[in-house]
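Novice: The sequence shown begins at 1 in my numbering and counts up by one.
Glycine is no exception: its CB is placed at the ideal position from the N, C-alpha and C atoms.
Nothing here was measured: the structure is a model prediction, and the numbers come from that model.
If you scroll down you'll find the structure; I have some questions about it.
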Amino acid sequence: MSEGFPILISVAADDAGKRLDQLLAAHLELSRARVQQLISEQKVLVNDAPAKASLKLRGGERVSVLGSAERAPLRAIAEAIPLDIVYEDDDLAVINKAAGMMVHAGAGATEDLRNRGTLVNALLHHFASLSAVGGEMRPGIVHRLDKETSGLIVVAKNDEAHRKLAAQFARREVKKSYVALVHGWVKNDRGTIAASISRDRVRRIRMTTRGTGGRDAISHYTVVRRLDTAFGKFTLVEVKIDTGRTHQIRVHMASLGHAVVGDVLYGAPREMRARRGRATDEGCAISLARNFLHAARLEVAHPRTGERIALESPIPAELAAFLAAVERDVANNVSTKGG
1 MSEGFPILIS VAADDAGKRL DQLLAAHLEL SRARVQQLIS EQKVLVNDAP
51 AKASLKLRGG ERVSVLGSAE RAPLRAIAEA IPLDIVYEDD DLAVINKAAG
101 MMVHAGAGAT EDLRNRGTLV NALLHHFASL SAVGGEMRPG IVHRLDKETS
151 GLIVVAKNDE AHRKLAAQFA RREVKKSYVA LVHGWVKNDR GTIAASISRD
201 RVRRIRMTTR GTGGRDAISH YTVVRRLDTA FGKFTLVEVK IDTGRTHQIR
251 VHMASLGHAV VGDVLYGAPR EMRARRGRAT DEGCAISLAR NFLHAARLEV
301 AHPRTGERIA LESPIPAELA AFLAAVERDV ANNVSTKGG
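Written as structure tokens, this is what we have:
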């Protein structure tokens, strides 16, 4: 959003029928919640008069945005949220994060909505101390996992451990391996995707490999199993990443034409319907409410002793159940890697 106020907008005829908050969200590239906050603070005028967010525009109006929304600063708060702690000592902990949990607070309408149920909040409740290197909103956080990605994440308990762990990530010395189920049959048994990643200029919540000026990103995949099922073809892959860019595996696999199952943001269908003659219940549909992406293995050098710590996490129950559901009517032509 521009900082030069007022921002003046002439409502085009093509925008007739749109709500005021809808128009502003698109024009200012802000969330609807932020726009509604602007309007509630009377920082938006339509034809020089305050207006409601629900106002239906007719075309030809003059909209003036007088300033930015006054947003209360976020702060992390301790919450008694269960954690699956797979390793812990005085310097670090490794958590098996569940899908649906944000690592730290994000944007939203109110502090409660932006800052509830995060991994950071759970960490503050469970541990007496965390590193402060990441700032007040990200205590202990050395790296991230997407909200709908489950699996292993490292947490630093003190500043020295944080700096040494972060240096390992920067030098690409941390070994990370993910399990993903993607749509379609990946052509090669193994391969490397080296494609820079940048933010999509049109859909700002997405990342893309087609932009310019992106950050380098490298992913290595190996086919574990190819499945020809009543619900379509799928490939179970193991992916190892050298870099940790936003949505990296999701973007890289989608760039090959193989979106991660459940990842509607990058082209996966919301549901999969059984094909004619291939399922016991012809026409039935299945869906996955999260991404089929799990951080299954992690290996890092201990920041104090230098000893290698190697940990594994099996895929969670909901992913195992989904895999069993698509496999129940699998034809005999299931192929394994190298076959």
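Assign residue 328 to one of two classes, buried (16 or more other C-beta atoms within 10 Å of its C-beta) or exposed (fewer than that).
Specialist: Exposed.
Novice: Would you list the one or two residues that DSSP bridges to residue 236?
Specialist: Per DSSP, 181 and 225.
Novice: Checking the sheet assignment: what are the DSSP bridge partners for residue 199?
Specialist: Its beta-bridge partners are 207.
Novice: In its own chain, which residues sit with a C-beta less than 8 Å from the C-beta of residue 254, not counting the 5 before and 5 after it?
Specialist: If we look at residue 254 and ignore the five residues flanking it on each side, its Cβ neighbours are 260, 263, 266 and 267.
Novice: Three or more C-beta pairs under 8 Å: does that hold for the stretch 293-304 against the stretch 154-167?
Specialist: Counting Cβ pairs under 8 Å, three or more are found: they touch.
Novice: Are there 16 or more other CB atoms within 10 angstroms of the CB of residue 332, so buried, or fewer, so exposed?
Specialist: Here the model assigns residue 332 a pLDDT of 39, short of 50, so the residue's position is not dependable, and the following value carries that caveat. Looking at its Cβ environment, which holds fewer than 16 other Cβ atoms inside 10 Å, residue 332 is exposed.
Novice: Would you mind working out which of 172, 216 and 204 sits nearest residue 193, comparing C-alpha positions?
Specialist: Nearest C-alpha to residue 193: 216.
Novice: Determine the burial state of residue 288: buried for a count of at least 16 other Cβ atoms within 10 Å of its Cβ, exposed for fewer.
Specialist: By the neighbour-count rule (16 or more Cβ atoms within 10 Å), residue 288 is buried.
Novice: With three or more C-beta pairs closer than 8 Å as the rule, is the stretch 92-106 touching the stretch 145-161?
Specialist: Yes, the stretch 145-161 is in contact with the stretch 92-106.
Novice: Using a Cβ-Cβ cut-off of 6 Å (strictly less than) and excluding sequence neighbours within five positions of residue 156, which residues of its own chain qualify?
Specialist: Once the five neighbours on either side are set aside, the close Cβ partners of residue 156 are 92, 131, 140, 142, 162 and 165.
Novice: Is residue 222 near residue 239, with beta carbons less than 9 Å apart?
Specialist: Cβ atoms of residue 222 and residue 239: closer than 9 Å.
Novice: Output the distance between the C-alpha atoms of residue 188 and residue 234, rounded to the nearest integer angstrom.
Specialist: Cα to Cα, the separation comes out at about 14 Å.
Novice: Quick one: give me the first and last residue of the beta strand (DSSP E) that residue 33 is part of.
Specialist: Unbroken run through residue 33 is the alpha helix (DSSP H), 32-40; no beta strand (DSSP E).
Novice: If you compare alpha carbons, which of 204, 85 and 178 is closest to residue 126?
Specialist: For the residues 204, 85 and 178, the minimum Cα distance to residue 126 belongs to 85.
Novice: What residue range does the beta strand (DSSP E) around residue 311 cover?
Specialist: Residues 308-312.
Novice: Could you tell me the alpha carbon to alpha carbon distance between residue 205 and residue 199, rounded to whole angstroms?
Specialist: Straight-line Cα distance between these residues: approximately 8 Å.
Novice: Between 13, 295, 62 and 55, which lies nearest to residue 94 when the distance is taken from Cα to Cα?
Specialist: The shortest C-alpha separation from residue 94 is found at 295.
Novice: Pick out whichever of 242, 248, 312 and 229 has its Cα sitting closest to the Cα of residue 324.
Specialist: Of the candidates 242, 248, 312 and 229, the one whose C-alpha sits nearest the C-alpha of residue 324 is 229.
Novice: Helix, strand or coil for residue 66? Go by DSSP, reduced to three states.
Specialist: DSSP places residue 66 in coil when its eight states are reduced to three.
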